[in-house]
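Student:
Protein chains: 2
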Amino acid sequence: MPTSTVENYLKAILVRSSDEVGVVSTGALAEALGVTPGTITTMVKSMAARGLLEHQPREGVRLTPEGRAHALAVVRKHRLVETFLVQVLQMDWKEVHQEAEALEHAISDRVLLKIDAILGHPAADPHGDPIPSRKSPVLGRGKGVTLASCEPQKQLRVERILDQSAPFLEFIQKSGLMPGARVRVRERDRASGVVRCDLKEGETTLGLPEAAKIEVKVS
Amino acid sequence: MPTSTVENYLKAILVRSSDEVGVVSTGALAEALGVTPGTITTMVKSMAARGLLEHQPREGVRLTPEGRAHALAVVRKHRLVETFLVQVLQMDWKEVHQEAEALEHAISDRVLLKIDAILGHPAADPHGDPIPSRKSPVLGRGKGVTLASCEPQKQLRVERILDQSAPFLEFIQKSGLMPGARVRVRERDRASGVVRCDLKEGETTLGLPEAAKIEVKVS
DNA sequence: ATTTTGTCTTTGACGACTCAAAGAGTTTAT
DNA sequence: ATAAACTCTTTGAGTCGTCAAAGACAAAAT
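Quick mapping for you: the protein sequence lines, in order, are chains G and A.
Under the working numbering, the first sequence has 158 at position 158, and the numbering climbs by one with no breaks.
Whatever position you read off the second sequence (first residue = 1), add 219 for the working numbering.
(1) Give every residue of the same chain whose Cβ lies closer than 7 Å to the Cβ of Met47 of chain G, excluding the five residues on either side of it in the sequence, and list them in chain order.
(2) What did DSSP end up calling Ile433 of chain A once you bin it into helix, strand or coil?
(3) Alpha carbon to alpha carbon, how far is Lys393 of chain A from Lys313 of chain A?
(4) Restricting to Cα atoms, I'd like to know which of A:Ala231, A:Val243, A:Asp238, A:Gly347 is closest to Gly253 of chain A.
(5) Along the chain, which unbroken stretches of the alpha helix (DSSP H) at least 4 residues long are found entirely within the segment 72 to 154 of chain G?
(6) Count the CB pairs spanning the segment 93 to 113 of chain G and the segment 170 to 187 of chain G that are closer than 8 Å, and state whether there are at least three.
(7) Quick one: using the 10 Å Cβ neighbour count with 16 as the cut-off for buried, is Leu18 of chain G buried or exposed?
(8) Where Val377 of chain A and Val305 of chain A are concerned, what is the direct C-alpha to C-alpha distance, given to the nearest angstrom?
(9) Could you tell me which residues DSSP puts in a beta bridge with Gly202 of chain G?
(10) For the alpha helix (DSSP H) that contains Gln173 of chain G, what are its first and last residues?
(11) So Val61 of chain G and His55 of chain G are supposed to be a Cβ contact under 8 Å. How far apart are they, rounded?
(12) Thinking C-alpha only, which one of G:Ala166, G:Leu206, G:Lys114 is nearest Val185 of chain G?
(13) Run through DSSP, which three-state label would Arg160 of chain G get?
(14) Under DSSP, the beta strand (DSSP E) around Arg16 of chain G begins and ends at which residues?
(15) Can you say whether Arg353 of chain A is buried or exposed, counting buried as having 16 or more other CB atoms within 10 angstroms of its CB?
(16) Please report the straight-line C-alpha distance between His340 of chain A and Thr83 of chain G, rounded to a whole angstrom.
(17) In the DSSP assignment, what are the bridge partners of Arg401 of chain A?
(18) Evaluate Asp116 of chain G with the Cβ neighbour count: other Cβ atoms within 10 Å of its Cβ, from every protein chain shown; 16 or more gives buried, anything less gives exposed.
(19) What in chain A is Cβ-close to Arg110 of chain G, meaning under 8 Å?
(20) Residues in its own chain within less than 8 Å of Val435 of chain A by CB, not counting five upstream and five downstream?
(21) If you compare alpha carbons, which of G:Val81, G:Pro152, G:Asp198, G:Glu66 is closest to Val111 of chain G?
(22) Consult DSSP for Leu282 of chain A and reduce its assignment to one of helix, strand or coil.
(23) Could you work out which residue in G:Val44, G:Glu20, G:Ala181, G:Arg196 is closest to Thr26 of chain G when comparing CA atoms only?
(24) At which residues does the beta strand (DSSP E) containing Leu248 of chain A begin and terminate?
(25) What first and last residue would you give for the alpha helix (DSSP H) that runs through Thr258 of chain A?
(26) If you measure from the beta carbon of Ala325 of chain A to each beta carbon in chain G, is any gap under 7 Å?
(27) Is the separation between the beta-carbon of Ala321 of chain A and that of Leu103 of chain G shorter than 7 Å?
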């Protein structure tokens, strides 16, 4: 049974292996996990020895089917727990990511099944991130249109928030841009790097990089 | 912040320091925690250095106020989680102890507050163990009468089960001796070591050591 | 083609937790 | 009172996850 450290490594690799080959550099992992590059090399070697991933020295790392399956299970746990914390325990939207970060390693499959059932087998968590089911290799990230890339003036619906940091989520909450909200891009100015949107509660303004973290759908 | 290992040591000491002085031998801890005596000595020294307990070599160990407070917080977490798993997640009575053993180290105080509120601030967990509140030094164990020590023929009510092992809990469940159940000792035979009880569902028989694990109250 | 720069790996070390086995202290028995 | 038995501590060692610093490699610049 992998330790929670190993589970965090698996998750970090999975989330960052979006391209076809699914290779992640050890440097990117060091950055993501907040440890030194040497630590990554050491851990990666031991995980490779355990069959969780393959390591091409100086190239990068790729999950094996087993590693990938385990990583997906952890992500599933994380997202179901987040959903549970919001819907059942009524916790604040911007706190649950941090809480789930700890709980995902402590919750058994038995408990997870109960949670999943109580929630009615949800397809997405409170940030709009899809919840992988027990077998599907789902994990699309940033495939869709965002507030930075959509056509202006169209009626949109917020689908997903691609940044779980507390300050960003707080801004989202304050401005009413949470998943499900209706929104329309009134004006986007490449020169000033500003996006101005209309929504029910009024108007809001944000920078282009921030707008790129809000996935939307024409509605 | 203590690691979960340290929290388990604290809990083990608290639960075993029932007498006045509150001293626990390192041998008893080794037994309880399933590690070798040498390991206990080492850990105990480092915990003493951190101010969580006092260690009289070859005498035993006693929690400091700080250690005791932390131990109580862990026990509170454990018992609230157990109650939550049974009442909200509808989990099986005999599974929740094991689950809570992991969750008690991962759940934040924020989440605990929500759980406590949803449950309506319960005073006891599903086994009848009292849930310490944030300040009270409550932790009586085995103070009351048990099926092995009560007067026969009296109408009793099961208060508390003093053994969380799955096989024992299964027996309790099967025979209907769960907390709250009405029961009467029909006959107790010291020679054969057998206690025979009547309850609504019929009759049940158990050994004296087992009967001593069932705390009751005259009703 | 060399050098520089940047990234990745190796090496030596440490803290937390653990064991096995040897040593020391205390209690009990004879 | 001395030995035997029991309990506790010490010592040496191992695993896991980590760092700092030194070394190796590859890509980019001159």
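Every residue, glycine too, gets a C-beta built ideally from N, C-alpha and C.
Tutor: Per the coordinate set shown:
(1) Your numbering for residue 47 of chain G matches position 47 in the first sequence. For Met47 of chain G, where only same-chain residues beyond five positions count, the Cβ hits under 7 Å are Val6, Tyr9, Leu53.
(2) Position 214 of the second sequence, counted from the start, is the residue given in the question as residue 433 of chain A. Ile433 of chain A: strand per DSSP, three-state reduction.
(3) Residue 393 of chain A sits at position 174 when you count from the first residue of the second sequence. Residue 313 of chain A sits at position 94 when you count from the first residue of the second sequence. About 11 Å.
(4) Taking the second sequence and counting its residues from 1, the one referred to as residue 253 of chain A is at position 34. Nearest option by C-alpha distance: A:Ala231.
(5) 96 to 103, 109 to 119
(6) yes
(7) For the purposes of this step, residue 18 of chain G is taken as residue 18 along the first sequence, with counting starting at 1. Per the sequence shown, residue 18 of chain G should be read as Ser rather than Leu. Exposed, because fewer than 16 other Cβ atoms sit within 10 Å of the Cβ of Ser18 of chain G.
(8) As a first step, residue 377 of chain A must be located in the second sequence, where it is residue number 158. As a first step, residue 305 of chain A must be located in the second sequence, where it is residue number 86. Rounded to the nearest angstrom, the two C-alpha atoms are 18 Å apart.
(9) For this step, residue 202 of chain G is matched to residue 202 along the first sequence. Paired residue(s): G:Leu199.
(10) Here residue 173 of chain G is taken as the residue at index 173 of the first sequence, counted from 1. Run containing Gln173 of chain G: 166 to 175, per the alpha helix (DSSP H) assignment.
(11) Taking the first sequence and counting its residues from 1, the one referred to as residue 61 of chain G is at position 61. Taking the first sequence and counting its residues from 1, the one referred to as residue 55 of chain G is at position 55. Indeed, because the Cβ distance is near 5 Å, the residues count as touching under 8 Å.
(12) If you number the first sequence from 1, residue 185 of chain G lands on position 185. Among G:Ala166, G:Leu206, G:Lys114, the Cα nearest to that of Val185 of chain G is on G:Leu206.
(13) Sequence index remark: in the first sequence, residue 160 of chain G carries index 160 (1-based). Correct three-state label for Arg160 of chain G: strand.
(14) By 1-based counting over the first sequence, the position of residue 16 of chain G is 16. No beta strand (DSSP E) contains Arg16 of chain G, which is instead part of the alpha helix (DSSP H) from 4 to 16.
(15) Reading the second sequence from its first residue, position 134 is the one you call residue 353 of chain A. Exposed: under 16 other Cβ atoms inside 10 Å.
(16) Taking the second sequence and counting its residues from 1, the one referred to as residue 340 of chain A is at position 121. Taking the first sequence and counting its residues from 1, the one referred to as residue 83 of chain G is at position 83. In a straight line, the C-alpha of His340 of chain A is about 24 Å away from that of Thr83 of chain G.
(17) Locating residue 401 of chain A in the second sequence gives position 182, counting from the first residue. Bridge partners of Arg401 of chain A: A:Arg376.
(18) For the purposes of this step, residue 116 of chain G is identified with residue 116 of the first sequence, where counting begins at 1. Buried is the call here.
(19) Counting from 1 along the first sequence, the entry for residue 110 of chain G is found at position 110. The contacting residues are Met310, Glu314, Glu318.
(20) Residue mapping note: residue 435 of chain A aligns to position 216 of the second sequence, counting from 1. Same-chain partners within the cutoff: Gly363, Val364, Thr365, Leu366, Cys369, Leu375, Arg376, Val377, Glu378, Val402.
(21) Within the first sequence, numbered from 1, the residue matching residue 111 of chain G stands at position 111. Of the listed residues, the one whose Cα sits closest to Val111 of chain G is G:Val81.
(22) In the second sequence, the residue the question calls residue 282 of chain A occupies position 63. Strand.
(23) Locating residue 26 of chain G in the first sequence gives position 26, counting from the first residue. Closest option to Thr26 of chain G, Cα to Cα, is G:Val44.
(24) Locating residue 248 of chain A in the second sequence gives position 29, where the first residue counts as 1. Counting along the chain, Leu248 of chain A falls outside any beta strand (DSSP E), though it belongs to the alpha helix (DSSP H) covering 245 to 252.
(25) As a working mapping, residue 258 of chain A is identified with position 39 in the second sequence. Here the alpha helix (DSSP H) through Thr258 of chain A covers 256 to 268.
(26) One-based indexing of the second sequence puts residue 325 of chain A at position 106. Ala325 of chain A counts as touching chain G.
(27) Taking the second sequence and counting its residues from 1, one reaches residue 321 of chain A at position 102. Taking the first sequence and counting its residues from 1, one reaches residue 103 of chain G at position 103. Result no, Cβ atoms of Ala321 of chain A and Leu103 of chain G do not sit closer than 7 Å.
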